[in-house]
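What follows is a set of notes on a single structure, which appears directly below.
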Amino acid sequence: MEISRRTVITSLAAAFVLPMTGCAAQVRSESVPDESGAAPSSAPASPVTVPVTIGVPARPQSLDPALTVDAESHRSTRQVLETLLGVDPNTGAPVPQLASQWRVSDDGRRYTFSLTPDVVFHDGTPLTAELVAANFERWSRLPELLGQDRMDRLPRLAFASAFGGFAGDEQCRYVECQTVGERTVSLVLSEPIVFLAAALTSPPFALSSPASWAGFDRSLEETGPESLPDARPAGTGPFRWGESTEDDEAGGADGADEPAPIVLDVVPDYRHGPSAVGPVQLAVVSGARQRLRELRRGGLDAFDYVTPATLRPLVQGGAQVLQRDPFSVLYLGMNLQHPILGQLYVRQAAAHAIDRRALAEEHFLAGSASADEFVPPSLGVTHPELTTYNYDREEARSLLELAGYRGEPLPFLYPVQTSRPYLPSPEPVYARIAEDLARVGFVLEPVPVAWEDGYLGRIPADAGRAFHLLGRTGEYRDPHHFLEPLFGQHSEEFGYANSLVVENLARAATSSSTETRTTLYRRVAESVALDLPALPLVYPISAVAAGHDLVSYPTSPVLAERFDRIVPVEQTGPGR
Numbered sequence: 078m079e080i081s082r083r084t085v086i087t088s089l090a091a092a093f094v095l096p097m098t099g100c101a102a103q104v105r106s107e108s109v110p111d112e113s114g115a116a117p118s119s120a121p122a123s124p125v126t127v128p129v130t131i132g133v134p135a136r137p138q139s140l141d142p143a144l145t146v147d148a149e150s151h152r153s154t155r156q157v158l159e160t161l162l163g164v165d166p167n168t169g170a171p172v173p174q175l176a177s178q179w180r181v182s183d184d185g186r187r188y189t190f191s192l193t194p195d196v197v198f199h200d201g202t203p204l205t206a207e208l209v210a211a212n213f214e215r216w217s218r219l220p221e222l223l224g225q226d227r228m229d230r231l232p233r234l235a236f237a238s239a240f241g242g243f244a245g246d247e248q249c250r251y252v253e254c255q256t257v258g259e260r261t262v263s264l265v266l267s268e269p270i271v272f273l274a275a276a277l278t279s280p281p282f283a284l285s286s287p288a289s290w291a292g293f294d295r296s297l298e299e300t301g302p303e304s305l306p307d308a309r310p311a312g313t314g315p316f317r318w319g320e321s322t323e324d325d326e327a328g329g330a331d332g333a334d335e336p337a338p339i340v341l342d343v344v345p346d347y348r349h350g351p352s353a354v355g356p357v358q359l360a361v362v363s364g365a366r367q368r369l370r371e372l373r374r375g376g377l378d379a380f381d382y383v384t385p386a387t388l389r390p391l392v393q394g395g396a397q398v399l400q401r402d403p404f405s406v407l408y409l410g411m412n413l414q415h416p417i418l419g420q421l422y423v424r425q426a427a428a429h430a431i432d433r434r435a436l437a438e439e440h441f442l443a444g445s446a447s448a449d450e451f452v453p454p455s456l457g458v459t460h461p462e463l464t465t466y467n468y469d470r471e472e473a474r475s476l477l478e479l480a481g482y483r484g485e486p487l488p489f490l491y492p493v494q495t496s497r498p499y500l501p502s503p504e505p506v507y508a509r510i511a512e513d514l515a516r517v518g519f520v521l522e523p524v525p526v527a528w529e530d531g532y533l534g535r536i537p538a539d540a541g542r543a544f545h546l547l548g549r550t551g552e553y554r555d556p557h558h559f560l561e562p563l564f565g566q567h568s569e570e571f572g573y574a575n576s577l578v579v580e581n582l583a584r585a586a587t588s589s590s591t592e593t594r595t596t597l598y599r600r601v602a603e604s605v606a607l608d609l610p611a612l613p614l615v616y617p618i619s620a621v622a623a624g625h626d627l628v629s630y631p632t633s634p635v636l637a638e639r640f641d642r643i644v645p646v647e648q649t650g651p652g653r
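The sequence shown lines up with residues 78 to 653 when you count with our numbering.
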């Protein structure tokens, strides 16, 4: 159900009669019904669309969603590219999208999809079984396309996480993608993958036209080994890639220039009817307060991620604050290959030193909670007797003394000039954690790294780091999505590998028993808690701010937020 502008304003007015707390000021937005399985609209295309500008904290790392785990990349590609299966906004379950229906064989080793008829990509290519097979074959061979040096600098990509590896890897469960007629395709597996339908709803499995891959190949040849190809794959979604100009460049915090925005043009003949908003510009405004200022002066119609510092002025100004359900986790990473962090006592000391409850209450929106596990509680695999590390400064000091730590500087990497779903305000969060660690005797060497300067790649590349801040955002509802990319193989991020953890995660991927899977995930949680390669900190709540020109904005805990479901205030003239 949509949340109406009237409902939001009424709720905000009620908040003012209460003390101005974060909890009172937040308004929940209910998700918009998914239209992916609906019949094509017979209504005529609207002659007028309303241009919308949305403020985002960073530019996409790649416009090819298969090459990245970055939320900003997936925000833009969700609008242009579509997946075989979509997401039910109320349950998070898979629903038809480019596949009109699907079935799974009794042994769980074959998924057969019937394709929605009469779907055409933006470059004129029709959707066929052969095209779907070509996409899966491409994803399965990404290491060959990108080169191993480039792959080593990337986080674990979605195909490898879902299928256990890439083509040719011993652990890979993907065998082939078979065409069964013009509009039927089957995924053949060596072993069952019980969460596969859910995984296929995530942006990295969005289909693109092979005719548009020439830009990928050309970009791959022209870019350096550190960068991802800057190509624009053609999709089937309600928007297509537009062109930005130098005049579109946004002013950043402190007067700095931000990158030119991503422009999304409306597809007028989209099969479910054209969007009421468009073109949509994703304007990079890295500072939270700068995003607030731009919304106030009309330079933005909405922005992501609201911080506690911007919440009060937003509410006072009558803006809508649309809260997502928590489905991400922030964690403190620890490098087990570091000569000091390699000692378990030191990692345990760090775990006891951080007041995670205060961190959640002081630096995140109300409703965020301290975390003991990497899997959000809503997925139902919480360990009832997990080894945990309570806030205890004396215990932390005692453990440091047992470890023989003598105040050697410990490099601590953290991102700056950005916001993420799990970390809306990196600088104050780092400062609070650093203060807690310093109070028990840790000596830290702060290493701030701008997100745009390749923060994700810097972590595994910096062998001398001791600590780092990072997190995971859920894109589908299964514990595998949170655990396997972090711990399902040797981790360059943590310098950590545990064969028992790897084995249990592999078994959980193929087991059809919910009880067995829960037991296996709890074993993984306990092993990770004892080894402590990373410390879960917070399950954050994130929120979008929308201005007076929007009636509603769709929100989703898995960030399945399609801009064609934005409802604008009716336009009464040529300008806003």
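Idealized CB from N, CA, C, for every residue including glycine. If you're wondering where the values come from, they're calculated on a predicted model, not measured in any experiment.
- Relative to A428, the option among Y482, N467, H415 whose CA is nearest is N467.
- Nearest to P454 by C-alpha distance, out of E253, V615, R373, is V615.
- Look at H558 here: in three-state DSSP terms it is helix.
- Boundaries of the beta strand (DSSP E) harbouring F544: 544-550, taken from the DSSP string.
- By the 16-neighbour rule on beta-carbons within 10 angstroms, R233 is buried.
- By the neighbour-count criterion, in which 16 or more other beta carbons inside 10 Å mark a residue as buried, H567 falls on the exposed side.
- Going by C-alpha positions, A288 is about 11 Å away from P203.
- If the five residues before and after R218 are omitted, its C-beta is found closer than 6 Å to the C-beta atoms of A244, all from its own chain and listed in chain order.
- Taking a C-beta distance under 8 Å as the contact criterion, Q367 and A540 do not qualify as a contact pair.
- The continuous beta strand (DSSP E) containing E253 extends over residues 251-256.
- For the 8 Å CB-CB criterion, A235 and F282 form a contact.
- Following the DSSP letters along the chain, one finds F489 in no alpha helix (DSSP H) but inside the beta strand (DSSP E) bounded by residues 487-493.
- L284 and L208 have their C-alpha atoms roughly 8 Å apart.
- Positions of the alpha helix (DSSP H) runs, each at least 4 residues long and wholly inside the stretch 384-460, are given as 385-393, 421-430, 433-440 in order along the chain.
- Assignment of D307 by DSSP, reduced to helix, strand and coil, places it in the coil class.
- Annotated as distal: T550 and S363, with beta-carbon spacing of 8 Å or more.
- Remark: fewer than three beta-carbon pairs, one from each stretch, lie closer than 8 Å, so the stretch 369-380 and the stretch 600-618 are not flagged as touching.
- Counting the other CB atoms within 10 Å of its CB gives P194 a total below 16, which places it among the exposed residues.
- Rounded to the nearest angstrom, the gap between the Cα atoms of P390 and S267 is 55 Å.
- When the Cα atoms are used, T465 and A170 turn out to be separated by approximately 31 Å.
- DSSP lists V172 as the bridge partner or partners of G163.
- In the structure shown, the three-state DSSP call for D195 is coil.
- Counting C-beta atoms within 10 angstroms of its own C-beta, S589 has fewer than 16 neighbours from the protein chains shown and is therefore classed as exposed.
- Take the alpha-carbon of P166 and the one of V520: they are about 46 Å apart.
- Assigned with DSSP and collapsed to three states, A473 falls in helix.
- Burial state of T593 is exposed, judged by a 10 Å Cβ sphere holding fewer than 16 other Cβ atoms.
- Take A148, set aside five residues on each side of it, and the residues of its chain with a beta-carbon closer than 7 Å to its own are R497, P498, T550, L636, in chain order.
- Pairing L399 with A623 gives a Cβ-Cβ distance under 8 Å.
- Your pair T278 and V196 does not check out as a contact, with CB atoms roughly 17 Å apart and the cut at 8 Å.
- For T632, the three-state secondary structure derived from DSSP is coil.
- Annotation: L477 to Q248 spans about 40 Å, alpha carbon to alpha carbon.
- With 16 or more other CB atoms across the displayed protein chains lying within 10 angstroms of its CB, A274 is buried.
- C-alpha of Y532 to C-alpha of E259: approximately 44 Å in a straight line.
- For the set P137, Y598, V125, P634, the Cα lying nearest the Cα of A360 is the one of P137.
- Of the other Cβ atoms in all chains shown, fewer than 16 fall within 10 Å of the Cβ of D184; this residue is therefore exposed.
- Inclusion of F198 and L161 in the CB contact set at 8 Å is not warranted, their separation being larger than that value.
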